[in-house]
Amino acid sequence: MLPFLKKNKQQASSQPLVPPWHPNFRNYDRLPDTKVVRTTFFINGMSVFMAIVLLLAFVYQEYKLKTLGEQVVNWDEQIEKDRQPSAAAVALFKQFQAEERIINEVATFVDGRLVVSDFVLRLGEILPANIAIRGFEFRDTGVILRGISRGTPDEASGYATGFVEQLRRDPVFTEIFGTDVSQTAVNRDPSGNLNFELMLRFKPAPAKK
Amino acid sequence: MSLTGQDLLAIAKKHPVSVGCALLAVGLAVGTYMRHAHVPVQEQLLAQRATEGERLKENLRNSTLLKEQHDALVAANAEINSRAVRVGNLATNLQYFYKIEADTGIRLVDLRQLTPAAQPGGANAPRYLRVPYALSVQGDFASVLTFVRRLENGSHFCRINSASISGGNDVTLTLNLELLGLP
Numbered sequence: 001m002l003p004f005l006k007k008n009k010q011q012a013s014s015q016p017l018v019p020p021w022h023p024n025f026r027n028y029d030r031l032p033d034t035k036v037v038r039t040t041f042f043i044n045g046m047s048v049f050m051a052i053v054l055l056l057a058f059v060y061q062e063y064k065l066k067t068l069g070e071q072v073v074n075w076d077e078q079i080e081k082d083r084q085p086s087a088a089a090v091a092l093f094k095q096f097q098a099e100e101r102i103i104n105e106v107a108t109f110v111d112g113r114l115v116v117s118d119f120v121l122r123l124g125e126i127l128p129a130n131i132a133i134r135g136f137e138f139r140d141t142g143v144i145l146r147g148i149s150r151g152t153p154d155e156a157s158g159y160a161t162g163f164v165e166q167l168r169r170d171p172v173f174t175e176i177f178g179t180d181v182s183q184t185a186v187n188r189d190p191s192g193n194l195n196f197e198l199m200l201r202f203k204p205a206p207a208k209k
Numbered sequence: 001m002s003l004t005g006q007d008l009l010a011i012a013k014k015h016p017v018s019v020g021c022a023l024l025a026v027g028l029a030v031g032t033y034m035r036h037a038h039v040p041v042q043e044q045l046l047a048q049r050a051t052e053g054e055r056l057k058e059n060l061r062n063s064t065l066l067k068e069q070h071d072a073l074v075a076a077n078a079e080i081n082s083r084a085v086r087v088g089n090l091a092t093n094l095q096y097f098y099k100i101e102a103d104t105g106i107r108l109v110d111l112r113q114l115t116p117a118a119q120p121g122g123a124n125a126p127r128y129l130r131v132p133y134a135l136s137v138q139g140d141f142a143s144v145l146t147f148v149r150r151l152e153n154g155s156h157f158c159r160i161n162s163a164s165i166s167g168g169n170d171v172t173l174t175l176n177l178e179l180l181g182l183p
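First to last, the protein sequences are chains A and B.
Take the first sequence: its position 140, counting from 1, is numbered 140 in our numbering, and each next residue is one higher.
Take the second sequence: its position 134, counting from 1, is numbered 134 in our numbering, and each next residue is one higher.
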């Protein structure tokens with residue numbers, strides 16, 4: 001039995017031997033753009049956009065330059081206006097500094113660490129009953145104080161030690177000497193009194209900032 | 001294949017907007033590029049001017065009371081000047097101590113004006129000299145203390161460099177001091 005799909009000979013001979021064709025005379029350059037949105041629109045849009053962006057950049061830069069120029073001009077005017085008074089002020093300040101230097105020179109001169117009379121008066125105020133001052137020496141490094149302590153040997157020694165502690169605690173003297181008060185010599189004289197020598201050292205000067 | 005002038009013209013006629021915008025964009029780009037270098041220069045110039053202007057303004061602001069302060073210093077210095085001893089006026093200088101001696105009732109045992117130390121020269125040379133004195137006084141404690149206070153608070157500026165006191169009822173005070181002086 002023959003297959004169903006087989007063509008019979010009559011049908012095959014009735015079909016043409018060459019496939020049908022026709023010439024294509026279409027000129028695509030001249031044909032209209034039939035796309036929904038034409039390409040020209042995108043090209044134009046992009047060109048306009050680029051031009052606008054560059055225009056804005058240029059205008060912004062020019063505006064910035066103009067603003068800077070105006071500010072420079074304003075400052076120039078201000079500088080020209082202030083130059084003369086400023087120069088006069090600077091000249092006056094130099095004179096001021098010269099005068100100030102002289103004042104500082106005098107201030108340094110009178111700014112001694114110790115006012116001798118105040119020291120003696122304060123010493124008189126706090127001096128205990130059994131202590132007498134025989135003399136003092138005021139030096140660059142401090143004050144050497146010589147005194148005598150009356151009483152029996154143990155009492156006199158106690159008075160002298162108590163006096164040293166008193167000097168170390170005294171608010172006026174601690175301002176000048178701190179607590180650096182030391183006994184540098186102690187000896188008994190023929191009459192039985194205790195001679196002592198104290199060294200009160202000046203506090204180191206504060207470091208200048 | 002190369003584009004001729006006619007081709008370009010044809011393209012320009014066909015796409016006038018695109019070509020016009022492209023030309024404009026190129027012109028603007030070139031202009032922006034050419035002017036771009038001016039911005040940092042102007043900014044630097046502005047910063048310089050602003051710094052200079054602020055400096056001048058600051059000078060003026062700080063000098064608001066400068067005249068008054070300067071006048072006050074000049075007046076103070078004139079006062080100090082009048083209170084300084086003159087090194088060469090030996091008799092006048094010693095008279096200062098003798099007058100205090102007479103006022104306080106103490107006795108000047110020794111009084112000497114010493115030679116002032118050499119001062120450094122130059123622009124920052126000190127204006128004043130430190131005129132040294134060595135003196136010894138005797139008297140009762142209260143009078144000697146009054147003498148010291150008169151020296152410390154007297155008409156001449158005084159700086160006591162060393163002092164030693166000794167004695168009983170009548171004390172002896174030895175002082176090394178300096179008076180502020182002018183050559």
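Every residue, glycine too, gets a C-beta built ideally from N, C-alpha and C.
Just so we're clear, the structure is a prediction, and the values are computed from it rather than from any experiment.
Query                                                                                                                     : Result
Segments assigned alpha helix (DSSP H), at least 4 residues, entirely inside the region 112-170 of chain B                : 141-152
Beta-carbon proximity check, glutamate 178(B) vs valine 115(A), cutoff 8 Å                                                : no
Reduced DSSP category for lysine 209(A) - H, G, I as helix; E, B as strand; rest coil                                     : Annotation note: pLDDT 49 at lysine 209(A) (below 50); position unreliable, coordinate value reported separately. Looking at lysine 209(A) - three-state DSSP - the assignment turns out to be coil, as it is neither helix nor strand.
Heavy atom of the ligand SAM within 7 Å of glycine 45(A) beta-carbon                                                      : You won't find the ligand SAM in this model; it holds no ligand whatsoever.
Members of the region 39-58 of chain B near chain A, C-beta cut-off 7 Å                                                   : Val39, Gln42, Glu43, Leu45, Leu46, Arg49, Ala50, Glu52, Gly53, Leu56, Lys57
DSSP state of serine 191(A) mapped onto helix, strand, coil                                                               : coil
Chain B contact residues for tryptophan 75(A), given Cβ-Cβ distances below 8 Å                                            : Leu46, Arg49, Ala50, Glu52, Gly53
Delimiting residues of the beta strand (DSSP E) encompassing phenylalanine 138(A)                                         : 131-138
Below-8 Å beta-carbon distance, valine 131(B) vs any chain A residue                                                      : no
Beta carbon proximity, arginine 149(B) to chain A, threshold 8 Å                                                          : yes
Leucine 65(B), DSSP secondary structure in three states                                                                   : coil
Contacts that arginine 112(B) makes with chain A (C-beta to C-beta distance below 7 Å)                                    : Going along chain A, no residue has its Cβ under 7 Å from arginine 112(B), so there is no contact; the nearest lies around 19 Å.
Span separating the alpha-carbon of phenylalanine 196(A) from that of glycine 135(A)                                      : 11 Å
Segments of 4+ residues assigned as alpha helix (DSSP H) that fall wholly inside the region 23-83 of chain B              : 38-62, 66-83
Given lysine 64(A) as reference, the closest of Val87(B), Glu54(B), Thr51(B), His36(B) once Cα atoms are compared         : His36(B)
Through-space distance from leucine 31(A) to asparagine 44(A), alpha-carbon basis                                         : 20 Å
Terminal residues of the alpha helix (DSSP H) in which arginine 26(A) lies                                                : Counting along the chain, arginine 26(A) falls outside any alpha helix (DSSP H), and DSSP gives it neither H nor E.
Interface residues of chain A facing glutamine 69(B) [CB-CB closer than 7 Å]                                              : Phe96
DSSP three-state assignment for valine 115(A), whether helix, strand or coil                                              : coil
Exposure label - asparagine 93(B); buried when at least 16 CB within 10 Å                                                 : buried
DSSP state of valine 109(B) mapped onto helix, strand, coil                                                               : strand
Member of Gly142(A), Phe41(A), Ser86(A), Leu200(A) whose CA lies at the smallest distance from the CA of asparagine 59(B) : Ser86(A)
In DSSP terms, what leucine 84(A) is bridged to                                                                           : A small correction: the amino acid at residue 84(A) is glutamine; leucine does not occupy that position in the sequence shown. For glutamine 84(A), which the question treats as bridged, DSSP gives no partner whatsoever.
Minimum C-alpha distance to lysine 67(B) - residue among Ile176(A), His22(A), Ala91(A), Asp140(A)                         : Ala91(A)
Below-8 Å beta-carbon distance, leucine 3(B) vs any chain A residue                                                       : no
Per-residue DSSP class, three states only, for asparagine 89(B)                                                           : coil
Distance between arginine 188(A) and leucine 145(B) (C-alpha atoms, nearest Å)                                            : 29 Å
Proximal residues of chain B, C-beta to C-beta of leucine 68(A) below 7 Å                                                 : Gln42, Glu43, Leu46
Exposed unless 16 or more other CB atoms sit within 10 angstroms - verdict on lysine 209(A)                               : Reliability of the predicted coordinates at lysine 209(A) is poor, the pLDDT of 49 falling under 50, and no value is obtained from them.
At least 3 beta-carbon pairs within less than 8 Å: the region 68-82 of chain B vs the region 91-107 of chain B            : no
Beta-bridge partners of isoleucine 11(B), as assigned by DSSP                                                             : Answer is none; isoleucine 11(B) lacks a bridge partner.
Members of the region 81-96 of chain B that neighbour chain A once the beta carbon cut-off is set at 7 Å                  : none
Buried versus exposed call for proline 16(B) [16 or more other C-beta atoms within 10 Å across all chains shown]          : exposed
Three-state secondary structure assigned by DSSP to arginine 201(A)                                                       : strand
Contact list for proline 126(B) against chain A, beta-carbon separation under 7 Å                                         : Glu105
Own chain, CB closer than 6 Å to glycine 178(A), minus 5 neighbours either side, in chain order                           : Lys203
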